[in-house]
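In what follows, a structure is listed as structure tokens, so that the remarks can point back to it.
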Amino acid sequence: MNLVLLGPPGTGKGTIAKFIEVRFGCAHVSTGDLLRDEVASRTAVGLEIEPVMNSGALVDDAIVLRVLEKTLAGLKGKSFVLDGFPRTLEQGEILEPLLARLGIALDLVLEIDSPEEIIVKRLSARRQCVSCKRIYGLDVPSKNEGLCDECGSQTVLRKDDEPEVVKERLRLYNDITRPLSDFYSGRGLLRKIDGDRTLQEIFAEVEKLLSP
Ligand code: AMP
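Numbering-wise, the UniProt record's numbering puts 128 at position 128 of the sequence shown, and it's gapless, one number per residue.
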């Protein structure tokens, strides 16, 4: 089953995608993580996009598409859950021929949503491991504050989770990503999920939705 996860930053999309990966065997494809890997590896693309990402703005479509197509092609038919793409109506439209070229069908789009004040609170508490990229937050704190449970490296507040940047990311989401909800609803692919609940409750609903 090939899925897209929609939802503002801070609604637990990454955590839910990981759950789907473990429970249903879908590869978690996060364009944010793919782009952050480019930055961390200091590639030419990484150096170009670093200031854009740090400001909370969107990276150029051509760059994201190149990275995404390479990753999806590399899956060789394995199912996936796409997190962070599409983010604009244009990207939604571009995704269709891209998937068609690769012979892939999209089965479902899950849209997770939460009130804005809860999102801001969650993101300012979120920390990411500098090494293995694992995310910690209010729902899933690390056992030792500031250190990753998996690999013991430092956990830090991401530049794009700083309060001013979060406000910009939420504004962007409302202006340009939210219209994708109607786009996928019109294609009969959308299922809405209330993100203002415990992760366990959300996991249970996702499990029910995705179980055959
Ligand atoms: P995320 O981890 O999904 O919140 O993404 C972090 C950052 O990566 C975003 O703020 C953008 O700068 C960039 N990014 C991720 N996905 C996309 C996309 N589909 N289009 C443009 N930029 C993206």
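Ideal Cβ positions, reconstructed from N, Cα and C, are used throughout, including at glycine. Model, not experiment: these values are computed from the prediction.
- Query: Can at least three beta-carbon pairs, one atom from the region 1-9 and one from the region 73-87, be found at a separation below 8 angstroms?
  - Reply: yes
- Task: Could you check which residue in 200, 70, 144 and 111 has the C-alpha nearest to that of residue 188?
- Result: Here residue 188 refers to the residue found at position 188 when the sequence shown is read from its first residue. If we check each option's Cα against that of residue 188, 111 comes out closest.
- Task: Report, in whole angstroms, the separation of the C-beta atoms of residue 38 and residue 29, which I expect to be a contact under 8 angstroms.
- Result: Numbered from 1 along the sequence shown, position 38 holds the residue referred to as residue 38. Numbered from 1 along the sequence shown, position 29 holds the residue referred to as residue 29. So it is not a contact: roughly 14 angstroms between Cβ atoms.
- Item | Counterpart residues of residue 29 in DSSP-defined beta bridges | Here the question's residue 29 lines up with position 29 in the sequence shown. Answer by DSSP bridge pairing, in chain order: 82.
- Message: At a cut-off of 7 angstroms, would you count residue 87 as near the ligand AMP, judging by its Cβ distance to the nearest heavy atom?
- Response: Taking the sequence shown and counting its residues from 1, the one referred to as residue 87 is at position 87. Under cutoff, so the answer is yes.
- Query: DSSP beta-bridge partners for residue 155?
  - Reply: Along the sequence shown, one-based indexing puts residue 155 at 155. For residue 155, which the question treats as bridged, DSSP gives the partners 129.
- Let me know the beta strand (DSSP E) ranges lying completely inside the region 52-99, each 3 residues or longer, listed in chain order. 80-83
- Message: Rounded to the nearest angstrom, what separates residue 50 and residue 136 at their Cα positions?
- Response: Here residue 50 refers to the residue found at position 50 when the sequence shown is read from its first residue. Here residue 136 refers to the residue found at position 136 when the sequence shown is read from its first residue. Their backbone Cα atoms lie some 23 angstroms apart in a straight line.
- Message: Between which residues of its own chain and residue 237 is the CB-CB distance below 6 angstroms, once the five residues before and five after are set aside?
- Response: Because the chain spans 1 through 212 in this model, residue 237 falls outside it and cannot be assessed.
- Item | Rounded C-alpha distance that separates residue 114 from residue 18 | Taking the sequence shown and counting its residues from 1, one reaches residue 114 at position 114. Taking the sequence shown and counting its residues from 1, one reaches residue 18 at position 18. The straight-line gap from Cα to Cα measures roughly 19 angstroms.
- Message: Taking 7 angstroms as the cut-off, is the beta-carbon of residue 175 closer than that to any non-hydrogen atom of the ligand AMP?
- Response: Looking up residue 175 in the sequence shown gives position 175. No; taking the cut-off as 7 angstroms, the Cβ of residue 175 has no heavy atom of the ligand AMP nearer than that.
- Collapsed DSSP secondary structure at residue 120 in the structure displayed: In the sequence shown, counting from the first residue as 1, residue 120 sits at position 120. The answer is helix: DSSP assigns residue 120 an H, G or I state.
- Task: Please report the residue range of the beta strand (DSSP E) in which residue 106 lies.
- Result: Working through the sequence shown from its first residue, we reach residue 106 at position 106. Segment: none, residue 106 is in no beta strand (DSSP E) and carries neither H nor E.
- Got a sec: does the ligand AMP put a non-hydrogen atom nearer than 7 angstroms to the Cβ of residue 199? Here residue 199 refers to the residue found at position 199 of the sequence shown. Outside the cutoff, so no.
- Message: Less than 7 angstroms separating the Cβ of residue 179 from some heavy atom of the ligand AMP?
- Response: For this step, residue 179 is matched to residue 179 along the sequence shown. Answer for residue 179: no, Cβ out of range of the ligand AMP.
- Item | heavy atom of the ligand AMP below 7 angstroms from residue 30 C-beta | Position 30 of the sequence shown, counting from 1, holds the residue named residue 30. Indeed, a heavy atom of the ligand AMP lies less than 7 angstroms from the Cβ.
- Message: Nearest by alpha-carbon distance to residue 209: which of 108, 32, 86 and 96 is it?
- Response: By 1-based counting over the sequence shown, the position of residue 209 is 209. Considering only alpha carbons, the answer is 108.
- CB of residue 87 within 8 angstroms of CB of residue 177, strictly: Here residue 87 corresponds to residue number 87 of the sequence shown, with the count starting at 1. Here residue 177 corresponds to residue number 177 of the sequence shown, with the count starting at 1. Cβ atoms of residue 87 and residue 177: closer than 8 angstroms.
- Continuous beta strand (DSSP E) stretch holding residue 182: start and end: Position 182 of the sequence shown, counted from the start, is the residue given in the question as residue 182. It is not in any beta strand (DSSP E) - residue 182 instead sits in the alpha helix (DSSP H) that spans 179-186.
- How big is the Cα-Cα spacing for residue 152 and residue 97? Working through the sequence shown from its first residue, we reach residue 152 at position 152. Working through the sequence shown from its first residue, we reach residue 97 at position 97. Those two C-alpha atoms are separated by around 42 angstroms.
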